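> I have a structure here, written as structure tokens, and I will follow up with some questions on it.
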DNA sequence: CGGCCTCCATACGGTTGCGTATGGAGGCGA
DNA sequence: TCGCCTCCATACGCAACCGTATGGAGGCCG
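Chains as they are written, first to last, in my numbering: chain S, 16 to 200; chain Y, 16 to 200.
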């Protein structure tokens, strides 16, 4: 829309390319074509391809932080967790990006960000369970199972094994976390 | 070891490259270097890169079939499932390959094989639960949760969130499937 | 020993993507 | 209007990889 492009436009386009074609698709010339400009524009805003990948990863990480900040405004721990699960299971594109990035965790840039974001998410969930009185060890185990289940389910949806995400899966995840399945309101 | 190479050598090397660097790393020249030969050798055994990818996928699919055949020699359904889980959670490289392939399921060749293998694995697990008297619907749901959990756990191990796979996770998976946690004999 | 067949090396052209150089269009203040 | 600054286009060299062409080393068989 804007005639002039900013770094964020490139970051968003890079994330879209990442979701579609993996990290290898985050290439300068294809992304430039996607934005309707040429490489000359890119190398004005960025030093090289690596900088573009960094910007895309930073943009993605910031999105995660935004979600967490939004959740922390909720007083009720159970509501925090349920809203988190609703957001997580509802956003298919973000799940696809997570999946792509995890599969490419060997890349040092990607690995650092993925580890940071995953740790952040796991800590947030564990803190909710801790607030609700679950012992440390059990909370850790349940959070790992839940987050792993989320990632695995994203995989199943991707390959078409699970046709769609039934709403009951959020309840199932809540149960696995030892929380009441229905919102307490 | 063998001075002369066969297509299977190329397929194995391609799978190794796939596990390490993704589908993009399954390139003719790098794999040739990995085998200590040149492209001239490759294009004697294969028509093009696509044929190499097909051979690698076929080799991987055959490995899956071999495991299933080995499991079906076990009479006890519970033992079949437990052995399957032991094999699944124990083989990290195969999990890595599964992960890579799932993330690249958009590729038509990869997609077809991944869907076939996943369906095969899910059907096998579901059949075990059916044999044990679980209703169709519940078996389906539990199998999806278990297979998804397996894939997700592989992801967590990959990013280093779960330092290692505790043996108790097999018991946990068994419990989620509605089966006794300990081996029967 | 001479000819053939198998397996592989070397050399080449074509394509794609990275990064650089250079210049041009448009806004904006002096 | 003149000059500058921002943003972008075009053109180039470079590297990696695909696929082809050609030839060479070694075994086998007459």
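Here a beta-carbon is modelled for each residue, glycine too, at the ideal position from N, C-alpha and C. Given the structure is predicted, the values throughout are model-derived calculations rather than measurements.
Along the chain, which unbroken stretches of the alpha helix (DSSP H) at least 4 residues long are found entirely within the stretch 115-172 of chain S?
With a minimum length of 4 residues, the continuous alpha helix (DSSP H) runs that stay inside the stretch 115-172 of chain S are 123-146.
> Please check if any C-beta of chain S sits within less than 8 Å of the C-beta of residue 114 of chain Y.
Here residue 114 of chain Y refers to the residue found at position 99 when the second chain is read from its first residue. Cβ-Cβ to chain S under 8 Å: yes for residue 114 of chain Y.
> Examine chain Y for any beta-carbon lying closer than 8 Å to the beta-carbon of residue 193 of chain S, and answer yes or no.
Position 178 of the first chain, counted from the start, is the residue given in the question as residue 193 of chain S. Chain Y, which has no Cβ nearer than 8 Å to the Cβ of residue 193 of chain S, makes this no.
> For a contact meaning CB atoms closer than 9 Å, what does residue 56 of chain Y contact in chain S?
Here residue 56 of chain Y is taken as the residue at index 41 of the second chain, counted from 1. Per Cβ cutoff of 9 Å: no residues; residue 56 of chain Y is ~26 Å from chain S at best.
> Report the neighbours of residue 76 of chain Y on chain S: residues whose CB is nearer than 9 Å to its CB, in chain order.
Reading the second chain from its first residue, position 61 is the one you call residue 76 of chain Y. By Cβ distance, chain S contributes nothing, its closest Cβ being about 14 Å from residue 76 of chain Y, past 9 Å.
> Unbroken alpha helix (DSSP H) runs of length 4 or more, entirely within the stretch 89-115 of chain S: which are they?
As far as the stretch 89-115 of chain S is concerned, its whole alpha helix (DSSP H) runs of at least 4 residues are 92-105.
> Which residue marks the beginning of the alpha helix (DSSP H) containing residue 73 of chain Y, and which one marks its end?
Position 58 of the second chain holds residue 73 of chain Y. Element bounds for residue 73 of chain Y: 64-87.
> Any beta-carbon of chain S closer than 8 Å to the one on residue 175 of chain Y?
Working through the second chain from its first residue, we reach residue 175 of chain Y at position 160. Chain S, which has a Cβ nearer than 8 Å to the Cβ of residue 175 of chain Y, makes this yes.
> Drop a sphere of 10 angstroms on the beta-carbon of residue 102 of chain S, count the other beta-carbons inside from all chains shown, and report buried for 16 or more, exposed for fewer.
Within the first chain, the letter at position 87 stands for residue 102 of chain S. Looking at its Cβ environment, which holds fewer than 16 other Cβ atoms inside 10 Å, residue 102 of chain S is exposed.
> Compare the Cα-Cα distances from residue 131 of chain S to each of S:150, S:72, S:191 and report the closest residue.
Position 116 of the first chain, counted from the first residue, corresponds to residue 131 of chain S. Looking at the Cα atoms, S:72 is the closest of the given residues.
> By the criterion of Cβ-Cβ separation under 7 Å, what are the contact partners of residue 129 of chain S in chain Y?
Counted from its first residue, the first chain places residue 129 of chain S at position 114. Per Cβ cutoff of 7 Å: 174.
> Taking only beta carbons into account, state which residues of the stretch 94-119 of chain Y come closer than 8 Å to chain S, listed in chain order.
Result list: 114, 115, 117, 118, 119.
> Below 8 Å on the Cβ atoms is my contact criterion, and I expect residue 66 of chain Y with residue 49 of chain Y to pass it. Report the Cβ-Cβ distance as a whole number of Å.
On the second chain, position 51 is the one that residue 66 of chain Y refers to. On the second chain, position 34 is the one that residue 49 of chain Y refers to. Wrong, their Cβ atoms sit about 17 Å apart, outside the cutoff.
> Would you mind reading off the limits of the alpha helix (DSSP H) that contains residue 22 of chain Y?
Against the second chain, residue 22 of chain Y aligns to sequence position 7. Residues 22-36.
> Rank Y:31, Y:53, Y:47 by C-alpha distance to the C-alpha of residue 74 of chain Y and give the top, closest one.
Here residue 74 of chain Y refers to the residue found at position 59 when the second chain is read from its first residue. Closest by alpha carbon: Y:31.
> Determine whether the Cβ of residue 170 of chain Y lies closer than 8 Å to any Cβ atom of chain S.
Mapped onto the second chain, residue 170 of chain Y falls at position 155. It does; some Cβ of chain S falls within 8 Å.
> Which residues in the same chain have their Cβ closer than 7 Å to the Cβ of residue 112 of chain Y, if we skip the five residues on either side of it in sequence?
By 1-based counting over the second chain, the position of residue 112 of chain Y is 97. Excluding residues within five positions, the ones whose Cβ falls inside 7 Å are 30, 33, 34, 75.
> Looking only at its own chain, which residues have a Cβ that is under 8 Å from the Cβ of residue 69 of chain Y, when we skip the five neighbours before and after it?
The residue you call residue 69 of chain Y lines up with position 54 of the second chain. 124, listed in sequence order.
> So the alpha helix (DSSP H) residue 45 of chain S belongs to, where does it begin and stop?
The residue labelled residue 45 of chain S in the question sits at position 30 within the first chain. Start and end: 43-50.
> Give the residues of chain S in contact with residue 133 of chain Y, contact being defined as C-beta atoms less than 7 Å apart.
Locating residue 133 of chain Y in the second chain gives position 118, where the first residue counts as 1. Near residue 133 of chain Y (Cβ distances below 7 Å), the residues of chain S are 174, 176.
> Select from S:159, S:94, S:176 the residue whose C-alpha is nearest the C-alpha of residue 194 of chain S.
Numbered from its first residue, the first chain carries residue 194 of chain S at position 179. Cα-wise, what sits closest to residue 194 of chain S is S:94.
> Taking the alpha carbon of residue 104 of chain S as the reference point, which residue from S:61, S:164, S:119 has its own alpha carbon closest?
As a working mapping, residue 104 of chain S is identified with position 89 in the first chain. Out of S:61, S:164, S:119, S:164 has the C-alpha closest to the C-alpha of residue 104 of chain S.
> Tell me which same chain residues have a C-beta within less than 6 Å of the C-beta of residue 116 of chain S, skipping the five on either side of it?
As a position in the first chain, residue 116 of chain S is number 101, starting the count at 1. Closer than 6 Å at the Cβ level, and outside the excluded window around residue 116 of chain S, lie 125, 129.
> Apart from the five residues just before and just after residue 189 of chain Y, which ones in its own chain have a Cβ nearer than 6 Å to its Cβ?
In the second chain, residue 189 of chain Y corresponds to position 174, counting from 1. The answer, listed in chain order, is 196.
> Roughly how many angstroms lie between the CA atoms of residue 82 of chain S and residue 154 of chain S, to the nearest whole one?
As a working note, residue 82 of chain S is residue 67 in the first chain. As a working note, residue 154 of chain S is residue 139 in the first chain. Taking the straight line from one Cα to the other gives about 21 Å.
> Does residue 187 of chain S come out as helix, strand or coil in the three-state DSSP assignment?
Residue 187 of chain S sits at position 172 when you count from the first residue of the first chain. Reduced to three states, the DSSP call for residue 187 of chain S is helix.
> Measuring CA to CA, which of S:54, S:84, S:167 is closest to residue 170 of chain Y?
Looking up residue 170 of chain Y in the second chain gives position 155. Among S:54, S:84, S:167, the Cα nearest to that of residue 170 of chain Y is on S:167.
> Report the option in Y:120, Y:144, Y:145 whose CA atom is closest to the CA atom of residue 133 of chain Y.
If you number the second chain from 1, residue 133 of chain Y lands on position 118. Comparing Cα-Cα distances from residue 133 of chain Y to each of Y:120, Y:144, Y:145, the minimum goes to Y:120.
> Looking at residue 185 of chain Y and residue 89 of chain Y, is the spacing between their C-beta atoms short of 8 Å?
Position 74 of the second chain, counting from 1, holds the residue named residue 89 of chain Y. Position 170 of the second chain, counting from 1, holds the residue named residue 185 of chain Y. Their beta carbons are not under 8 Å apart, which means residue 89 of chain Y does not touch residue 185 of chain Y by this criterion.
> Is the beta carbon of residue 147 of chain S less than 8 Å from the beta carbon of residue 157 of chain S?
Numbered from its first residue, the first chain carries residue 147 of chain S at position 132. Numbered from its first residue, the first chain carries residue 157 of chain S at position 142. Taking 8 Å as the Cβ cut-off, residue 147 of chain S and residue 157 of chain S do not qualify as a contacting pair.
> Classify residue 173 of chain S as buried or exposed, calling it buried when 16 or more other Cβ atoms lie within 10 Å of its own Cβ.
Sequence index remark: in the first chain, residue 173 of chain S carries index 158 (1-based). By the 10 Å Cβ count, residue 173 of chain S comes out buried.
> Would residue 4 of chain Y pass as a contact of residue 160 of chain Y if the rule is Cβ separation under 8 Å?
Nothing about residue 4 of chain Y can be read from this structure; chain Y reaches only from 16 to 200.
> Hey, would you say the C-beta of residue 35 of chain Y is under 7 Å away from at least one heavy atom of the ligand GTP?
Summarising the ligand content, the structure contains no ligands, and the ligand GTP is consequently not present.
> Once DSSP output is grouped into helix, strand and coil, what is the label at residue 176 of chain S?
By 1-based counting over the first chain, the position of residue 176 of chain S is 161. Of the three classes helix, strand and coil, the one that applies to residue 176 of chain S here is coil, per DSSP.
> Taking only three categories from DSSP, how would you classify residue 2 of chain Y?
In the structure as shown, chain Y starts at 16 and stops at 200, and residue 2 of chain Y therefore has no counterpart that could be examined.
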